[in-house]
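**Q** If you read the sequences in order, they're chains E and Z. Heads up, our numbering is the position in the first sequence plus 9, with the first residue counted as 1. Heads up, our numbering is the position in the second sequence plus 9, with the first residue counted as 1. Quick one: the structure is below, questions incoming.
2 protein chains.
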Amino acid sequence: MDQAASKRRAARRRSKAAAARPVLADQLPWCQPAYLDRPVEPVDSDGIARIHDASMRIIEDMGILFLNDTALQILAEAGCRVDFATKNVRMDRVWLMEQVKKAPPVITITPRNPDRAITFGGRYFNFGQVASPPNVTDLDHGRRMGTREDCRNFFKLAQSYNCIHFSCGYPVEPMDLHPSTRHLDTLYDKLVLTDKVVHAYSLGPDRIADAMEMVRLAGGLSSAEFEAQPRMFTNINSTSPLKHDWPMLDGAMRMAARNQMVVVAPFTLAGAMAPVTIVGAIVQQNAEALAAIALLQTVRAGAPVMYGAFTSNVDMKSGAPAFGTPEYIRAMQISGQMARYYNLPFRASNANAAQAPDAQAVWESAFSLFGSCSGGANLIYHAAGWLEGGLVASFEKFVIDCEMLQ
Amino acid sequence: MDQAASKRRAARRRSKAAAARPVLADQLPWCQPAYLDRPVEPVDSDGIARIHDASMRIIEDMGILFLNDTALQILAEAGCRVDFATKNVRMDRVWLMEQVKKAPPVITITPRNPDRAITFGGRYFNFGQVASPPNVTDLDHGRRMGTREDCRNFFKLAQSYNCIHFSCGYPVEPMDLHPSTRHLDTLYDKLVLTDKVVHAYSLGPDRIADAMEMVRLAGGLSSAEFEAQPRMFTNINSTSPLKHDWPMLDGAMRMAARNQMVVVAPFTLAGAMAPVTIVGAIVQQNAEALAAIALLQTVRAGAPVMYGAFTSNVDMKSGAPAFGTPEYIRAMQISGQMARYYNLPFRASNANAAQAPDAQAVWESAFSLFGSCSGGANLIYHAAGWLEGGLVASFEKFVIDCEMLQ
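Structure (structure tokens):
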């Protein structure tokens, strides 16, 4: 009888433990997804050649500003026409294309758990959670500044959902951490709470160097092992129009030098920092992206780089960025054509400008995803949780987006 | 001074009138939309030929039930193997394809206002509002049975929104009208409140004959003028599996005889009335659709007919139809391939199974629209206002859908 009672107690304990364990919604197993359909290609090959030619004329005749003396030095030594006073760099199109051709078309990143390795390029694609909003929102606590706790909760979600393949930046800025050490604490949280591929910000020399060392240590790797293949990635945005800023260039060059992936994503909003026509904005995006990719290939031939696109239109009344629009869909599809023209992997985003996780948020996100996926994007940033054009990370939206991604 | 006062009064009147006038959200002008992108085609030509062959074997070896003696008589006279006891009809595939080839690939329907003529086929497509739910819902009055007033309100919305190109059936069933005269009152409302293309139900001989006469009179047409070109359309669903019912066949034959368009849309839910695999369900859909189209071409060679598809999957736990699923998207894309294989215009739907106009409703609708449009559908039924798998028409959802359609 004692034995029976003890068995009953054990069964009760087991059932209580099961009840306490959080149960995730049904989900598909972890896998490396790949597109089955051909991408949508709105522009014919003649049009692509014309976009390419227009971008080449910008790079040859107008030049791009590189606000980083090391970068200027490297480009001058490589034969570019560098004006050290204005920091303007003009590149020859033949030389530029030679550099771009050195970049690998397909990139596999292996995080500390090798089972979570993911591949970008060809038909392979991967989703990352929202990155970088200063604010966070959920129904229970409302809209507020982000904290380390919120950030950690998003990391746990990103780890739990199989449809999230990697973790971009800070899902929400942990404003309660001091900026001088924020990158250390947050990357520590990310490396402890997830075993998926991580991104680190290129915001200065110490930070990206620290980040690379932390990822190396988390993987138990020697420096040589770390540099033998991509283990992490960063993302840089140009300061459009036609300008690359100091900290991002610095971080990108340090990452490229150690064989880590750099996504170059010009932030060219049509009607704001770029021409109001979508094709005009893509010409500019293309010039900014290729100029930075050429620099990184000069730093290290064959460095893993990705062609990024953030081209969308702005609301011409308020100046606010608009996402999930027909213009955004076409911009992603044409950007995908350009990336394939240069044989580079392609990054797009799941963005929306809605104020709440409502119908507008969902249709804008659905159309953003449609634009990204029909454009053949290999890396989809902000795939879950983004609201208000990137000002807020929403827990509810995270779950809604994961439903759509699955 | 009197003059100035009178001017002020006139200005006040004008401003009051402007305030009283209902202001619609900004919308694009009325136009005939056309696809710019190629449809997505998941199945290769060998696969299409195999689906065709499997459907032919069903029609040749198993046969389709036609629960209508006139139809049986016509098919027997045309040489089909008709079993009058079981009402089963087996057709020879060569004869069948000869009939299908008589159907026009592109159809223009001209309503009472010729400026509202719309074209189905090729790259042209058109949206219609929700049809046939018994219930209606809005935030102010909740979920309730439909009335004539609700129905009229939907007609007014369908007329006001330029992205709604035609008016299918009853947007909600007017339960306060007696069934014996409901079709007369409702079609009267529709013809008075809209000048767009109308659909009438094939629910018995008097009803469809009445409907055709009403559309003829509304257009001020002689019988010869009415029959000279398509002026309206009907939609018939098979009683899957492999059965066409009496009233729908009767209505369809009367419409075809007078050169009016018939959409044949088998209601083949995979796992319920059709095989659980999507391709299996499409084989059955294809057999049911082609058999009815062959009958209508025998009634009148060259009668305007459309290939319809409603193939989706059911929730295997509850048996409820599921829409906006990956299966639905693939079903619409493959159905579009089949319609183009037979050179017929293609009908799909914007459907969802959500209980409220919430995030689920929007993402299911967005994916339904994506499936329909990437499948190259020429007619999109239920494009605005459908909820609960067709049990409810929602005013809020109508407006949300119109935002997406635009």
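Ideal Cβ placement from N, Cα and C applies to all residues, glycine included.
Per DSSP, what are the beta-bridge partners of E/MET223 in this structure?
**A** According to DSSP, E/MET223 bridges with nothing at all.
**Q** Would you mind telling me which residues of chain E sit closer than 8 Å to Z/PRO38, beta carbon to beta carbon, in chain order?
**A** Neighbours of Z/PRO38 on chain E: none; closest Cβ ~16 Å, over 8 Å.
**Q** Using 7 Å as the limit for Cβ to Cβ distance, is Z/VAL292 near chain E?
**A** Cβ-Cβ to chain E under 7 Å: no for Z/VAL292.
**Q** Less than 7 Å between C-beta atoms, sequence neighbours within five positions excluded: which residues of the same chain meet that for E/ASP185?
**A** Cβ neighbours of E/ASP185 beyond the five flanking positions: THR156, ARG157.
**Q** Could you check which residue in Z/ASN387, Z/GLY380, Z/ALA375, Z/ALA386 has the C-alpha nearest to that of Z/LYS406?
**A** Ranking Z/ASN387, Z/GLY380, Z/ALA375, Z/ALA386 by Cα distance to Z/LYS406 puts Z/ALA375 first.
**Q** Is the beta carbon of E/ILE338 closer than 7 Å to that of E/PRO239?
**A** No. Outside cutoff.
**Q** Could you spell out where the beta strand (DSSP E) holding E/ALA126 opens and where it closes?
**A** E/ALA126 -> no beta strand (DSSP E), and no H or E assigned at all.
**Q** Does Z/PHE379 come within less than 7 Å of chain E when only Cβ atoms are used?
**A** By this cut-off, Z/PHE379 is an interface position.
**Q** Taking beta-carbon pairs under 9 Å, can you tell me which members of the region 42-64 of chain E lie near chain Z?
**A** Those residues of the region 42-64 of chain E that come within reach of chain Z (Cβ to Cβ, closer than 9 Å) are LEU45, ASP46, ARG47, VAL49, GLU50, PRO51.
**Q** Give me whichever residues DSSP pairs with Z/VAL323 in a beta bridge.
**A** Bridge partners of Z/VAL323: Z/PRO330.
**Q** The alpha helix (DSSP H) that contains Z/MET262, what's its start and end?
**A** 255-266 is the span of the alpha helix (DSSP H), which, as asked, contains Z/MET262.
**Q** For a test of the three-state rule: what should DSSP assign to E/ASP198, helix, strand or coil?
**A** Helix at E/ASP198.
**Q** Could you tell me if Z/GLY311 is buried or exposed, where buried requires 16 or more neighbouring beta carbons within 10 angstroms of its beta carbon?
**A** The residue is exposed, with fewer than 16 neighbouring Cβ atoms inside 10 Å.
**Q** Taking Z/ARG152 as part of the beta strand (DSSP E), name the residues at either end of that continuous run.
**A** From DSSP, the beta strand (DSSP E) with Z/ARG152 extends over 151-154.
**Q** Is E/GLY385 helix, strand or coil by DSSP?
**A** It is coil, neither helix nor strand.
**Q** Just verifying my parser: in three-state terms, what is the DSSP assignment at E/ALA360?
**A** Coil, per DSSP.
**Q** How far does the alpha helix (DSSP H) with E/GLY289 in it reach, from first residue to last?
**A** It spans 287-308 - the alpha helix (DSSP H) in which E/GLY289 sits, taken as one unbroken run.
**Q** Taking Cβ positions only, does Z/TRP372 come closer than 7 Å to chain E?
**A** It does: the Cβ of Z/TRP372 has a partner Cβ on chain E nearer than 7 Å.
**Q** Please classify E/ARG102: does DSSP put it in a helix, a strand, or coil?
**A** The answer is helix: DSSP assigns E/ARG102 an H, G or I state.
**Q** Can you give me, in chain order, the residues of the region 338-369 of chain Z that have a beta carbon less than 8 Å from any beta carbon in chain E?
**A** Result list: PRO366, ASP367, ALA368, GLN369.
**Q** Using the rule of at least 16 other Cβ atoms within 10 Å of the residue's Cβ for burial, across every protein chain shown, is Z/HIS150 buried or exposed?
**A** So Z/HIS150 counts as exposed.
**Q** Is the CB of E/ALA375 under 7 Å away from at least one CB in chain Z?
**A** Cβ-Cβ to chain Z under 7 Å: yes for E/ALA375.
**Q** According to DSSP, simplified to helix, strand and coil, what is Z/ASN144?
**A** Reduced to three states, the DSSP call for Z/ASN144 is strand.
**Q** By DSSP, does Z/GLN238 sit in helix, in strand, or in coil?
**A** In the structure shown, Z/GLN238 sits in coil (DSSP, three-state: anything other than H, G, I, E or B).
**Q** So what does DSSP say about Z/LEU396, is it helix, strand or coil?
**A** Three-state DSSP puts Z/LEU396 in a strand.
**Q** What are the residues that DSSP puts in a beta bridge with Z/ALA402?
**A** Partner(s): Z/VAL145, Z/TRP395.
**Q** Which residue's Cα is closest to the Cα of Z/ALA265: Z/PRO284, Z/ASN171, Z/ALA237?
**A** Checked all of Z/PRO284, Z/ASN171, Z/ALA237; the closest Cα to Z/ALA265 is Z/ALA237.
**Q** List the residues of chain Z whose Cβ lies closer than 7 Å to the Cβ of E/MET413, in chain order.
**A** Within chain Z, the residues near E/MET413 are TRP372.
**Q** Kindly indicate which residue of Z/CYS177, Z/VAL115, Z/VAL109 has the alpha-carbon position closest to the one of Z/PRO142.
**A** Considering only alpha carbons, the answer is Z/CYS177.
**Q** Quick one, which residues of the region 169-196 of chain Z are near chain E if we go by CB-CB under 8 Å, in chain order?
**A** Answer in chain order: no residues at all.
**Q** Would you tell me roughly how many angstroms separate the C-alpha atoms of Z/PHE136 and E/TRP372, rounded to the nearest one?
**A** One C-alpha to the other measures close to 18 Å.
**Q** Using 8 Å as the threshold, is the region 61-74 of chain E in touch with the region 293-304 of chain E, meaning 3 or more CB pairs across them?
**A** Cβ pair count under 8 Å is three or more, so yes.
**Q** Taking only three categories from DSSP, how would you classify E/ASN171?
**A** Three-state result, E/ASN171: coil.
**Q** For Z/ILE287 and chain E, any beta-carbon pair shorter than 7 Å?
**A** No, Z/ILE287 does not count as interfacial toward chain E.
**Q** What number of angstroms, rounded off, separates the C-alpha of E/SER249 from the C-alpha of E/LEU278?
**A** C-alpha separation (whole angstroms): 9 Å.
**Q** Less than 7 Å separating the beta-carbons of E/ARG267 and E/MET315?
**A** Not closer than 7 Å, so no.
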